[in-house]
Amino acid sequence: MADPTPQTDCHGETIASTCPPTTEEGRRPSFSRLAGLLLALVILIADRVSKLWFLAHWRDAGVLTLAPVLDFRLVWNPGISLGLLQDGGTAITVVTALITAAVAVWLWRVRDRGEALALGLVLGGALGNLWDRLHYGAVVDFVHFHVGDWSFYVFNLADAALSVGAGAMILLSLRQMRRAGRQQPG
């Protein structure tokens, strides 16, 4: 005897077919997640292209002044942000790869569009710098901002994406904490 209960779609409406594929949590793949992954890919490609262009055209040029506050200069950074851990070697590459994998998993699980895009920036930047570590043994940095005697560390597009993404994650977290505080009775 046939089951008298009608089948319903993912929105509860009666249908004759099945729902689209779902993730392990029982949800459809998120557009936000796909947007974050696409942004990560765009950042990775833009970072690779900028570094390859710089290495092909300006590697031996010394300092190329673009503006009174902006230079291109090649710096091979074997360490991490702000020139820290210069002697880390393979350990830094392994830790970087593990952190990059963790960010990818985090992005895959996120549903909020803002978080997905922020994590996409972080993941794209992390992949760009990890690529350098695996292929060159150091990260290619070449963008240098300075004003008078003040000088910012030399960085690259991947670093900029990482910084903007991390900053966006902090702002999103603060916004969520503020909303949660308003919803608590008291």
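Residue numbering for the sequence shown follows the numbering used here, beginning at 13 and increasing consecutively.
C-beta: ideal position from N, C-alpha, C; glycine also.
Just so you know, these numbers come straight off a predicted model, no measurement behind them.
* Cβ distance (whole Å) where Val152 is taken to contact Asp144 below 8 Å -> As a position in the sequence shown, residue 152 is number 140, starting the count at 1. As a position in the sequence shown, residue 144 is number 132, starting the count at 1. About 5 Å; that satisfies the 8 Å criterion.
* Asked: Is the segment 69-87 close to the segment 158-172, with three or more CB pairs under 8 Å?
  -> yes
* To do: Would you kindly report the start and end of the unbroken beta strand (DSSP E) that includes Val87?
  => Counted from its first residue, the sequence shown places residue 87 at position 75. First-last of the beta strand (DSSP E) with Val87: 82-89.
* Asked: Do three or more CB pairs link the segment 46-55 to the segment 111-127 at distances below 8 Å?
  -> yes
* Identify every residue that forms a DSSP beta bridge with Ser44. => The residue given as residue 44 occupies position 32 in the sequence shown. DSSP lists no partner for Ser44.
* Asked: For Phe66, which three-state DSSP category applies?
  -> By 1-based counting over the sequence shown, the position of residue 66 is 54. Helix at Phe66.
* Quick one: any contact between the segment 104-118 and the segment 178-186, if contact means 3 or more CB pairs under 8 Å? -> Output reads no: the segment 178-186 does not touch the segment 104-118.
* For Asp59, name the three-state secondary structure that DSSP assigns. => Translated into positions along the sequence shown, residue 59 becomes position 47. Three-state DSSP puts Asp59 in a helix.
* Taking the Cβ atom as the reference point for each residue, do Leu135 and Val117 lie within a distance shorter than 8 Å? -> By one-based count along the sequence shown, residue 135 stands at place 123. By one-based count along the sequence shown, residue 117 stands at place 105. Cβ distance not < 8 Å, so Leu135 and Val117 don't count as in contact.
* Please specify which runs of the beta strand (DSSP E), each continuous and at least 3 residues long, are wholly inside the segment 111-188, giving them in chain order. => As far as the segment 111-188 is concerned, its whole beta strand (DSSP E) runs of at least 3 residues are 151-159.
* Rounded C-alpha distance that separates Gly193 from Gly149 -> Numbered from 1 along the sequence shown, position 181 holds the residue referred to as residue 193. Numbered from 1 along the sequence shown, position 137 holds the residue referred to as residue 149. Cα-Cα distance, rounded: 46 Å.
* Could you pull out every residue in the same chain whose Cβ sits closer than 8 Å to the Cβ of Phe66, ignoring the five residues on either side in sequence? => Within the sequence shown, the letter at position 54 stands for residue 66. These residues qualify, in order along the chain: Phe84, Leu86, Val152, Phe154.
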